[in-house]
Each structure stands twice: as structure tokens, then as C-alpha cells.
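Only one structure is covered here, and it is reproduced in the block below.
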Amino acid sequence: MTTKPKRERPLVIAGPCAAESFELMAEVAGHMSRLSIELGFDYVFKASFDKANRTSATSVRGPGMDATLRWFADLKAKFGVRILTDVHETYQVGPVAQVCDYLQIPAFLCRQTDLVVEAAMSGRAVNIKKGQFMAPAAMASVVSKARKAAQSANSEADILLTERGFTFGYGNLVVDMRALPIMAETEAPVILDITHSTQLPAAGGETSGAQRRFAPVLARAATATGYLSGYFLEVHTNPTLAISDKDAQLNLKQATALLSQLVPLWQSSKAWSSIDTEFK
């Protein structure tokens with residue numbers, strides 16, 4: 708069993724759910740970049756160019772790949788940030804990999820072999836979200852699949868795993884903290900998706916709801932396991948106006964307050980798992 712994260716500083720992947728505008732992304736990226744220096748974490752900006760997994764066919768999906776990639780390039784030039792975005796189809800991998808540093812496999816697509824392989828062969832780091840229907844131990848096969856593909860392309864890029872909750876009845880997700888050490892056995896960095904873990908899928912009929920108030924509770928609990936390498940959180944300047952996940956996203960003040968707690972806790976707890984082998 709992995710005893711502790713191998714990182715010296717936590718990785719924080721943060722940004723708006725959707726790439727709604729360059730202005731929104733620039734404000735969030737600027738704030739989070741400054742916060743990373745102040746608190747001492749490694750920052751990766753995130754946003755989605757297409758919200759392809761929508762409850763309703765009439766829901767807004769985003770500006771599309773081409774426009775968003777241009778915005779991403781401008782963000783990198785302005786702030787020097789690394790960028791993550793999700794890919795949904797194999798044809799998207801090439802263009803996205805030319806701009807982004809991390810490719811993300813959405814939770815519902817984590818078993819799509821062609822997509823995982825194509826992303827892993829891109830030479831970019833790949834963040835694979837654990838499906839809401841997947842046992843944590845089953846992610847070992849997904850990691851193996853991705854690593855073999857990366858090796859075939861002579862790539863040593865990181866493969867990361869992200870916990871985002873497990874389906875618990877209708878319209879509800881729970882985070883099983885046992886999933887974190889189980890996924891850490893793959894030697895892949897394990898990330899907690901703080902905001903999606905609070906989601907209530909399709910709770911609004913044609914939209915998903917969330918219980919944002921549990922975000923800090925879940926984040927602190929997961930950190931205390933000692934197995935986390937970092938955090939994923941969606942951050943918006945005004946979540947009530949967001950085109951997606953408005954009930955889950957954090958505003959800048961909330962993100963700042965939460966990370967101000969989590970970073971020192973992460974530094975304190977990252978070695979706590981060292982005693983776990985004594986309990987086998």
C-alpha cells in the first residue's frame with residue numbers, strides 16, 4: 708500500500724466548469740495563480756470547452772474546442788499557467804494536446820479504451836476520473852491500459868486518478884474514503900474532485916443539483932487519509948450565473964478559504980498513512 712503522496716506540494720486543479728468567456732477564465736486563473744504562490748501549491752487551470760454530458764438536450768454546452776483552445780493559449784501567455792481540459796472523442800486529443808498540459812477523461816468515459824489509449828499516447832499527462840459506477844480497485848486496469856499506451860509512444864507522462872463520488876441510489880453520490888488508498892495502490896497520484904463529489908445528478912429534473920455545504924467536510928476528511936496528491940475544484944466568479952454546475956461551484960472567496968485550510972492540513976497529514984501497513 709502506498710504510504711504517502713510523492714509530491715512536496717499538493718496539486719490543485721481549479722477553474723470554472725465551462726469555458727464561458729475569456730474574461731471569466733482570466734479572472735479565475737489570475738486569482739488562483741496568486742493564491743498558489745501565497746499558499747504553496749502547484750496550480751493547473753481547468754475549464755471545459757464542451758459540456759457533452761448534459762441532462763437535457765437544451766442545456767448550454769459551451770463555446771466549442773477551437774475558440775476555447777485559442778483562449779487557453781492566451782491564458783498561458785498571460786499567466787504562465789498549465790491547463791487541463793477534458794476530451795470526449797479521439798479526434799479531439801491531437802488538437803487539445805497541442806495547447807493543454809493535461810488531458811482529462813470524463814468519469815462516464817473512463818472505460819472507453821480508444822479514448823484512454825489515444826490520450827495516453829499524446830505525451831501529455833492524463834487525469835482519469837473514476838466513473839460513478841466503478842469500484843476503486845477496477846481503476847487499476849484503466850491505469851494499466853493508459854500506461855501501456857504511453858509506453859508504446861515512448862511517453863513518461865503522469866497518469867492521475869480522480870475520485871468524484873459513487874452512485875448511491877437515485878440522484879445521489881457518496882465518497883467512500885476507502886477508495887483513496889485502494890486507488891493509491893496503482894502508484895498513480897490520487898486527486899479528490901471536491902465540487903463534483905457534492906453533486907446530486909439530475910436532482911433539478913433537467914439539471915443536476917449539489918450540496919455545496921459538504922465540500923469542505925469531504926475535502927478535510929479525504930485529506931486526513933494521507934493518500935491525496937491534490938484537489939480538483941470548480942471555481943467561478945459568480946456561481947449563480949454559471950451555465951453548468953452552479954450549485955456545486957465555489958466562488959473565489961470560498962475557494963480561498965477552503966484551500967487556506969487544506970494546504971497546511973495536507974502538509975501535516977501526507978505521512979499519516981505510513982502506519983497503515985501495521986493494520987493488515
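Our numbering numbers the first residue of the sequence shown as 708 and each following residue consecutively. We put the CB at the ideal spot given by N, CA and C, even for glycine. Every value quoted in this text rests on a predicted model; they were computed, and no experiment measured them.
Beta carbon of residue i nearer than 7 Å to that of residue j
i	j	result
E734	T932	no
L1005	L935	No information on residue 1005 is available, as it lies outside the stretch 708 to 987 that the chain covers here.
M846	L868	yes
V800	S755	no
F779	A736	no
D954	A917	yes
Spatial distance of residue i from residue j (CA atoms)
i	j	result
Q956	K758	15 Å
D749	V849	25 Å
V719	F939	6 Å
A826	T797	8 Å
T807	L969	Reading off the sequence shown, one finds Cys at residue 807, where the question assumed Thr. Taking the straight line joining both Cα atoms gives about 26 Å.
F921	T905	6 Å
A895	I866	6 Å
G872	G722	19 Å
L984	I889	This sequence places Thr at residue 984; Leu is not what is there. In a straight line, the C-alpha of T984 is about 13 Å away from that of I889.
Three-state secondary structure (DSSP) of residue i
i	result
Y938	strand
K855	helix
E870	strand
S848	helix
Delimiting residues of the alpha helix (DSSP H) encompassing residue i
i	result
R927	A922 to A931
R789	Premise fails: R789 lies in the beta strand (DSSP E), R789 to D793, not in any alpha helix (DSSP H).
A827	T820 to A827
Counted within 10 angstroms of its Cβ, other Cβ atoms place residue i as buried (16 or more) or exposed
i	result
N1047	Here the chain has residues from 708 to 987 only, and residue 1047 is not among them.
V924	exposed
S967	exposed
T947	exposed
Where the beta strand (DSSP E) through residue i begins and ends
i	result
E968	Here residue 968 turns out to be Gln, not Glu, going by the sequence shown. Counting along the chain, Q968 falls outside any beta strand (DSSP E), though it belongs to the alpha helix (DSSP H) covering L959 to S976.
D988	This structure cannot settle anything about residue 988, because the visible part of the chain is limited to 708 through 987.
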